[in-house]
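So the structure is just underneath, and the comments pick up after that.
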Amino acid sequence: MSTDTSYEERLQAFVGREVIARRKGQDAVNQAMIRHWVEAMLDDNPIYTDAEAARATGRNGVVAPVTMTQAWTMRGLKAHLAGTGGGAMSELLALLDEGGYTSVVATDSDFEFHRELEIGDEVDADEVVAAISEEKATGLGIGRFVTTVRTYRDQHDRVVAVQNWRTLRFKPGTGRSAKPAEEEKPRALRPRPAINLDNQFWFDAAKEHRLVIQRCADCGQLRHPPGPACPHCQSFDWDTLEASGEGTVYSYIVAHHPPHPAFEYPLLIAVVELAEGTRLTTNLVGVEPADVTIGMPVRLEWLDADPDLTLPVFRPVTEQEQ
Amino acid sequence: MSAISGTSAIVGIGATEFSKASGRSELQLACESVVAALDDAGIHPSEVNGMVSFTMESSSEIHVARSIGIKEQTFFSRVAHGGGAACGTVAHAAAAITAGLADVVVCWRAFNERSGQRFGLGQADRPMDISADRAYYSWLTPYGLSTPAQWVAMAAQRYMHEYGATSRDFGQIAVIDRKHAATNPHAWFHKRPITIEDHQNSRWIAEPLHLLDCCQETDGGQALIVVSAERAKDLKHKPAWVTGASQGIAEDQLMMTSYYRPEITGLPEMKLVADQLWEQSGRRPDDMDAAILYDHFTPFVLTQLEELGFCGRGEAKDFIADGHLDTDGKLPLNTHGGQLGEAYLHGMNGIAEAVRLIRGESVNQPKQVDDVVVTAGTGVPTSGLVLSADR
Numbered sequence: 010m011s012t013d014t015s016y017e018e019r020l021q022a023f024v025g026r027e028v029i030a031r032r033k034g035q036d037a038v039n040q041a042m043i044r045h046w047v048e049a050m051l052d053d054n055p056i057y058t059d060a061e062a063a064r065a066t067g068r069n070g071v072v073a074p075v076t077m078t079q080a081w082t083m084r085g086l087k088a089h090l091a092g093t094g095g096g097a098m099s100e101l102l103a104l105l106d107e108g109g110y111t112s113v114v115a116t117d118s119d120f121e122f123h124r125e126l127e128i129g130d131e132v133d134a135d136e137v138v139a140a141i142s143e144e145k146a147t148g149l150g151i152g153r154f155v156t157t158v159r160t161y162r163d164q165h166d167r168v169v170a171v172q173n174w175r176t177l178r179f180k181p182g183t184g185r186s187a188k189p190a191e192e193e194k195p196r197a198l199r200p201r202p203a204i205n206l207d208n209q210f211w212f213d214a215a216k217e218h219r220l221v222i223q224r225c226a227d228c229g230q231l232r233h234p235p236g237p238a239c240p241h242c243q244s245f246d247w248d249t250l251e252a253s254g255e256g257t258v259y260s261y262i263v264a265h266h267p268p269h270p271a272f273e274y275p276l277l278i279a280v281v282e283l284a285e286g287t288r289l290t291t292n293l294v295g296v297e298p299a300d301v302t303i304g305m306p307v308r309l310e311w312l313d314a315d316p317d318l319t320l321p322v323f324r325p326v327t328e329q330e331q
Numbered sequence: 002m003s004a005i006s007g008t009s010a011i012v013g014i015g016a017t018e019f020s021k022a023s024g025r026s027e028l029q030l031a032c033e034s035v036v037a038a039l040d041d042a043g044i045h046p047s048e049v050n051g052m053v054s055f056t057m058e059s060s061s062e063i064h065v066a067r068s069i070g071i072k073e074q075t076f077f078s079r080v081a082h083g084g085g086a087a088c089g090t091v092a093h094a095a096a097a098i099t100a101g102l103a104d105v106v107v108c109w110r111a112f113n114e115r116s117g118q119r120f121g122l123g124q125a126d127r128p129m130d131i132s133a134d135r136a137y138y139s140w141l142t143p144y145g146l147s148t149p150a151q152w153v154a155m156a157a158q159r160y161m162h163e164y165g166a167t168s169r170d171f172g173q174i175a176v177i178d179r180k181h182a183a184t185n186p187h188a189w190f191h192k193r194p195i196t197i198e199d200h201q202n203s204r205w206i207a208e209p210l211h212l213l214d215c216c217q218e219t220d221g222g223q224a225l226i227v228v229s230a231e232r233a234k235d236l237k238h239k240p241a242w243v244t245g246a247s248q249g250i251a252e253d254q255l256m257m258t259s260y261y262r263p264e265i266t267g268l269p270e271m272k273l274v275a276d277q278l279w280e281q282s283g284r285r286p287d288d289m290d291a292a293i294l295y296d297h298f299t300p301f302v303l304t305q306l307e308e309l310g311f312c313g314r315g316e317a318k319d320f321i322a323d324g325h326l327d328t329d330g331k332l333p334l335n336t337h338g339g340q341l342g343e344a345y346l347h348g349m350n351g352i353a354e355a356v357r358l359i360r361g362e363s364v365n366q367p368k369q370v371d372d373v374v375v376t377a378g379t380g381v382p383t384s385g386l387v388l389s390a391d392r
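Protein chains in written order, with this note's numbering: chain A, 10 to 331; chain B, 2 to 392.
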């Protein structure tokens with residue numbers, strides 16, 4: 010981390026400076042480039058290609074998409090290969106390199122559009138440094154955000170668009186991803202349930218935080234895990250009963266090995282007997298393995314494990330609550 | 002005695018070495034074990050006319066047959082539900098022979114279960130589809146309940162709660178198995194017995210199960226040759242007669258997680274198998290001179306002793322403590338070392354040991370063994386056999 014005050018002063022001296030002088034685009038606004046752009050963008054708005062249609066909207070003729078504004082001023086491959094182009098921007102980049110900020114990533118590009126460009130318009134742009142942040146630790150690395158303002162004008166000096174352009178200039182290898190992996194790795198998702206026509210209702214209800222039990226519509230028997238027919242009376246008609254959420258631990262295990270990356274171990278897995286009489290496999294929360302006992306009263310809670318998976322879990326009921 | 006009793010016999014057994022990395026294809030392991038079993042029986046591959054394996058087997062009968070010169074097959078079938086299939090392969094063979102569909106049937110199982118797909122890693126990361134069998138795991142794996150050890154642990158915890166059994170009681174099975182494996186040169190744990198303290202000190206896998214409650218993982222193959230009574234007459238070895246052969250699925254059966262039955266401390270599918278075995282064979286538990294009980298996890302060995310009728314419900318821990326399972330006890334158990342000690346060959350190596358016991362050739366031969374009961378995978382739809390010296 011740079012604590013060199015003179016370096017900081019030299020850097021901040023760029024704020025307010027024009028780093029790229031007004032530079033005219035290589036080509037005037039023309040139909041061919043517009044056509045290629047809108048075809049690539051799958052934009053079939055006729056005002057970009059059909060003068061009649063454009064005039065019908067009150068325009069003078071064909072206009073260029075505003076999102077093309079920057080494209081008119083791009084330097085092209087040849088200039089890019091030739092180098093940075095000198096000037097104050099080269100000085101700023103050299104100073105950033107000196108501070109170790111040799112890597113770059115664009116972070117923001119906010120446009121304010123003032124007018125539409127017509128065929129024959131000529132566009133230029135200049136670029137002024139708006140701000141250089143203090144050093145920050147980011148996921149990518151330690152660096153500084155450099156914000157510049159690019160102003161696009163036409164041949165009549167009218168402002169066409171203003172772009173706030175922000176990049177992060179950072180020291181490679183200093184990001185969090187360079188640290189030991191485990192801390193950074195997002196927890197894996199829990200194993201997915203296989204949803205089919207026989208079990209979908211249960212998982213759909215779970216997403217709404219409703220624990221349902223399948224019930225035979227003819228003989229009233231409850232069943233879980235669910236199935237298409239009643240084993241008692243062979244009826245295929247069924248509805249559901251919403252469980253009270255009260256239950257007791259019927260059995261449980263403390264899983265240690267092999268670990269699955271979605272879970273923290275030791276992991277409490279239980280078969281809970283619901284007050285309604287059916288059992289289900291679940292996790293116990295809010296309790297240490299040593300404190301779990303068979304017969305312990307537990308109560309339903311919902312675990313929104315990830316955006317696609319909600320599961321019922323159970324927490325011991327305290328004596329006070331009982 | 003029923004029609005199936007005494008109509009067929011196991012006359013050949015053959016296996017590969019039991020390892021952790023065979024370095025060979027599962028098909029080759031299958032072929033090696035079948036060739037070895039046929040050689041043991043003194044039967045040429047061209048005489049085989051039936052083949053039976055597990056649905057989980059990766060090498061189907063057509064590939065084994067064309068590889069080793071088995072020519073025409075008039076009977077072939079696969080038995081489902083993992084290790085529960087083991088004795089079922091012999092039951093299918095015996096049924097086919099009894100019905101006259103074939104008279105020389107190969108039963109086999111071969112896999113690289115340690116160096117290839119390891120069952121112990123569980124179902125969590127296996128691809129899901131919407132079949133009823135796969136969709137059932139939706140009730141388990143999202144909560145992290147995805148391995149066989151965990152599934153058995155859930156039942157074991159309730160068993161301990163209801164009957165007062167302890168982890169040490171489960172550990173006795175591991176100690177007995179490893180004691181027997183220690184003297185078996187083919188066992189992975191040859192010369193490596195354990196004490197009950199070793200068991201207690203081994204790390205947790207899924208409480209209440211320690212590491213040493215769990216069977217090993219094995220690469221290898223095991224084959225058996227089942228023939229008709231007529232064909233058994235003039236072969237090299239004394240036939241091990243199939244006097245009982247049965248399968249069982251009980252009410253509300255699920256895959257090792259039948260947690261929704263009124264009680265979960267029993268194995269009613271094994272009771273169903275046992276009732277048939279005693280009826281078919283005309284023999285009773287007291288007639289058994291040894292037992293080869295499926296031991297992927299120790300707790301279900303206790304449950305099996307109860308379901309087979311060797312002791313009352315909840316009394317297995319006392320039955321074991323009384324020393325009945327040692328080689329000089331009244332029911333020597335897993336004399337080859339079981340799947341905890343010899344190898345995890347999905348139960349098929351246990352059937353081979355039962356044959357050796359009838360032949361009098363076990364490395365831990367107890368005494369004269371006239372009748373031995375063998376069981377297959379527990380917690381799943383399962384199967385069992387009674388093998389006998391006499392029809």
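Ideal Cβ placement from N, Cα and C applies to all residues, glycine included.
None of the values given here were measured: they were computed from a predicted structure.
Confirm, please, whether the CB-CB distance from residue j to residue i is below 8 Å.
i: B/S363; j: B/A224; result: no
i: B/V228; j: B/S247; result: no
i: B/D391; j: B/W242; result: yes
i: B/G165; j: B/I197; result: no
i: B/M257; j: B/V373; result: no
i: A/V307; j: A/P321; result: no
i: A/A60; j: A/G70; result: yes
i: B/E48; j: B/S54; result: no
My output table needs one value for residue i: the three-state DSSP class, helix, strand or coil.
i: B/M289; result: coil
i: B/P240; result: coil
i: B/A100; result: coil
i: B/F19; result: coil
i: B/F190; result: coil
i: B/R135; result: helix
Shortest alpha-carbon distance to residue i belongs to which of the options?
i: B/L309; options: B/G85, B/A292 and B/K318; result: B/A292
i: A/C228; options: A/C239, A/M83, A/I56 and A/R19; result: A/C239
i: B/P300; options: B/L332, B/H211, B/G338 and B/A103; result: B/H211
i: A/V38; options: A/E136, A/V169, A/R64 and A/L283; result: A/V169
i: A/N292; options: B/T142, B/A38 and B/A22; result: B/T142
i: B/H187; options: B/M52, B/L278 and B/G338; result: B/G338
i: A/W311; options: A/I303, A/D163, A/V294 and A/V326; result: A/V294
i: A/S253; options: A/T287, A/Y259 and A/C242; result: A/T287
i: A/R199; options: B/F190, B/M155 and B/S147; result: B/S147
i: A/G96; options: A/R31, A/R153, A/P181 and A/A62; result: A/R31
i: B/T266; options: A/S260, A/R124 and A/L277; result: A/S260
Spell out whether any CB of chain B is found under 8 Å from the CB atom of residue i.
i: A/S118; result: no
i: A/S244; result: no
i: A/I278; result: yes
i: A/S11; result: Interpretation of A/S11 is limited by its pLDDT of 48, a score under 50 that renders its predicted location unreliable; the figure taken from the coordinates is listed afterwards. No, A/S11 does not count as interfacial toward chain B.
i: A/L126; result: no
i: A/F210; result: no
i: A/N292; result: yes
i: A/H89; result: no
i: A/Y261; result: yes
Note down the Cα distance separating residue i from residue j, rounded to an integer number of angstroms.
i: B/T17; j: B/N113; result: 12 Å
i: B/I98; j: B/G15; result: 21 Å
i: B/S132; j: A/P202; result: 12 Å
i: A/V24; j: A/I141; result: 7 Å
i: B/Q366; j: A/Y274; result: 44 Å
i: A/S11; j: A/T78; result: With a pLDDT of 48 at A/S11, under the threshold of 50, the modelled position of that residue is not reliable, and no figure is offered here.
i: A/V280; j: A/P316; result: 25 Å
i: B/D158; j: A/V258; result: Correcting the residue type first, residue 158 of chain B is Gln in the shown sequence and not Asp. Cα to Cα, B/Q158 sits roughly 11 Å from A/V258.
i: A/F179; j: A/T116; result: 12 Å
Taking 8 Å as the CB-CB cut-off, is residue i touching chain A?
i: B/G380; result: no
i: B/G145; result: yes
i: B/T148; result: yes
i: B/S259; result: no
i: B/D214; result: no
i: B/M155; result: yes
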